[in-house]
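>
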Amino acid sequence: MAVVCDGACAIMKLNGHNYTILDISYDDHTVTLADREVLNGGECPRVTHNVTVSPSSSLSFTANNDNLSFFFDCVFTPGTTPAPTSISPINCSSSFQAERDSSRVSYVAAQADVASQDEWPRACRTAVVVPVLKDWVQNPEYQQNLNSDGYGEVLKRGFELSWEPSEGACNVCEQTEGKCSHNHSGEFVGCLCPDGSVSLSDCGKPGLACTHPLIIYGAYRTVHTSPVSLSRLSYIVSAVSGAILLSLLLYMALYSKRTPTIESFLQKHEAPCLKSYTYSEVKTLTESFTHKLGKGGFGTVYRGTLPNGHLVAVKLLNNSKDDGQDFTNEVASIMRTSHVNVVTLLGYCLQGPKRALIYEYMPNGSLDRFAFGRRSRRETSLSWEKLFDIAIGIARGLEYLHRWCGTHIVHFDIKPHNILLDQDFCPKISDFGLAKLCTTKESIISINGARGTIGYIAPEIFSPHFGQISSKSDVYSFGMMILEMVGARENINKNPKSSSKYFPQWVYENFEEYCPNVGEINVDNDIVRKLIIVGLWCIQLEPDNRPSMSRVVQMLESRADDLQIPPQTLLC
């Protein structure tokens, strides 16, 4: 089993084919994979090969999978092999007929629905069977559209494999609640313990600090990992669970009286061995903080350059009296993430009151430069197609934070300024200073005081009359943001002479102006209509009436004329 990194994606190779790692459960010893060809194949991907796992592999399919059967280029004759009547042909893409005569058709069905499998599939050139997650293929919404764009959505959710706990030294390590680390030759080199130490055998014996150079080198060279060490595959450097705890605590014990608060917070969350920088090194990276990129509520961001020449963004946090909550919130939240639409944390500085976070550099800055009427004359506005790609990327990032990453995270400050754009305008969610971690995706969250930015804060954060605080608060902020993207107006109107009307109410009243009839829709208008409808659903007053981010992604990926306008239950 080989794993490589392709940008922000972790790729596993099975029998010569590449699969993106979507999720890993360390407690259940499972990994969710999706075929790279499928993910890059648009709404109607062509499935070209069966998915198999070698008998010699440590991985196996779980009971959470079902199978989809594809039959391509079928020709039926009434006298010999009649066409199936219970299964409709694939009709969502001309690619299935473009290079073939019209008599050939292709089919997809859940394997249980192929009743006469031995009879009619012989009339087809190719048969392919792929595993999919049961929860998705049995979803009525996808079952109804399986032969159109539904099957593509099911395939993109991936399938699940499991592994057996390893034996020998690694097994002893796992039995003491540790995680195994291997070198490039696959040899066991250490046990990564919950307290942040690394033992040479198991967590029942004294361990070494993560900063020990031999352990750092062994972890860095981990390119062939045991299944249990898959928890950081999407990083270029193989992770060490709880890696920076000891070094953080040493610094804070020497320089801060706030050690207990930060220590207790970080101990609740595993942390990888990120690069630690001194304040002097941070000054060198940033040329003494010469190139300022921006300023936010928690600090100022500067451009920096690593010794290898790579650009980074250095966020120098403000000195505050919050017991380090901004720092620990951001570190503990983002350490557990690995997603193409979430910014990557590369390192940190914690030296007395001096605190900084080092992130990947985003050359196109933040979204508000392009989409919200704050562009300079030299900056080019983005097309509707690009804005739509950005919106759905943000939605996928939030879906990941709310549902798929190891600890479910509510951001609480989704706004254009906190959406960064890379060189290809791929959006990445940033600034986790207000984030809240919760143990389950359905958790009701308790917070002290309002948090967020006026214009994007959900009403339940101000008053419990509207409902309980949850991940649906991020949904509200997302809705306000995409409505602002469409309306080309800011939520806080800086010119009181222009209008004092509540922005979502203005959208309702001007809906037809921005949304032509379905029959008149072109590509741009279709995008506008879809964004407005989804945005209005997201800003419903009661959290229970808002869709989840998973549902938001589905709505954005569907057709605009399939979406209904929500009721007008808004603040007035």
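Mind the numbering: the sequence shown is residues 1 to 572 in full-length UniProt numbering, read in order. The beta carbon of each residue, even a glycine, is placed where N, CA and C say it ideally should be. Fair warning: this is a prediction, and the values are worked out from it, not measured in the lab.
1. Measure the alpha-carbon distance for N525 versus P140 and round it to whole angstroms.
2. Since V108 contacts F76 with CB under 8 Å, what's their CB separation in whole angstroms?
3. With three or more beta-carbon pairs closer than 8 Å as the criterion, would you say the region 150-164 touches the region 21-35?
4. Distance check for Y19 and A10, CA to CA, integer angstroms please.
5. So what does DSSP say about N18, is it helix, strand or coil?
6. With H, G and I counted as helix, E and B as strand and the rest as coil, what does DSSP make of A123?
7. Is K530 close to chain D? Criterion is C-beta to C-beta, closer than 9 Å.
8. Within 10 angstroms of the Cβ of A332, are there 16 or more other Cβ atoms? Answer buried if so, exposed if not.
9. Counting only runs of 4+ residues fully inside the region 519-564, write out the alpha helix (DSSP H) ranges in chain order.
10. Secondary structure at M12, three-state DSSP: helix, strand or coil?
11. Looking at L14 and V51, is the spacing between their C-beta atoms short of 9 Å?
12. Closer than 6 Å by C-beta to L59: which residues in its own chain qualify, once you throw out the five before and the five after it? Chain order, please.
13. Would you mind sorting F388 into buried or exposed? The rule is 16 or more other CB atoms within 10 Å of its CB.
14. Identify which residue in E153, T81, V130, L367 has its Cα closest to the Cα of H17.
15. Within its chain, find whatever has a CB closer than 8 Å to the CB of T62; leave out the 5 residues flanking it on each side and keep chain order.
16. Which value, in whole angstroms, describes the spacing of the CA atoms of G433 and W537?
17. Where I419 and H465 are concerned, what is the direct C-alpha to C-alpha distance, given to the nearest angstrom?
18. Exposed or buried, which one is T278 when buried takes at least 16 other CB atoms within 10 Å?
19. Beta-carbon separation of K275 and G204 under 9 Å?
20. In angstroms with no decimal places, state the Cα-to-Cα distance between L345 and N318.
21. Could you tell me whether the region 394-405 touches the region 292-312, using the rule of 3 or more Cβ pairs below 8 Å?
22. Pick out whichever of G42, G393, S201 has its Cα sitting closest to the Cα of Y151.
23. Please classify D474 as buried or exposed, where buried requires at least 16 neighbouring CB atoms within 10 angstroms.
24. How about D413 and S477: do their beta carbons lie closer than 9 Å?
25. How is G190 classed by DSSP in three states: helix, strand or coil?
26. Rounding to the nearest angstrom, what Cα-Cα distance links K497 and S381 in this structure?
27. Quick one: Cα of C74 to Cα of A83, how far?
28. Where does C438 sit, in a helix, a strand or coil, going by DSSP?
29. Nearest by alpha-carbon distance to M480: which of S550, F425, K415 is it?
On the basis of the supplied data:
1. 29 Å
2. That belief does not hold up - the Cβ atoms of V108 and F76 are roughly 16 Å apart, past 8 Å.
3. yes
4. 8 Å
5. strand
6. helix
7. No chain D appears in this structure, which consists of one protein chain only.
8. buried
9. 523-538, 549-557
10. strand
11. yes
12. V53, L161, W163
13. buried
14. V130
15. T30, E160, L161, S162
16. 27 Å
17. 30 Å
18. exposed
19. no
20. 18 Å
21. no
22. G42
23. buried
24. yes
25. strand
26. Because the pLDDT at K497 is just 38, under 50, the model does not fix this residue reliably, and the point stays unresolved.
27. 9 Å
28. strand
29. K415
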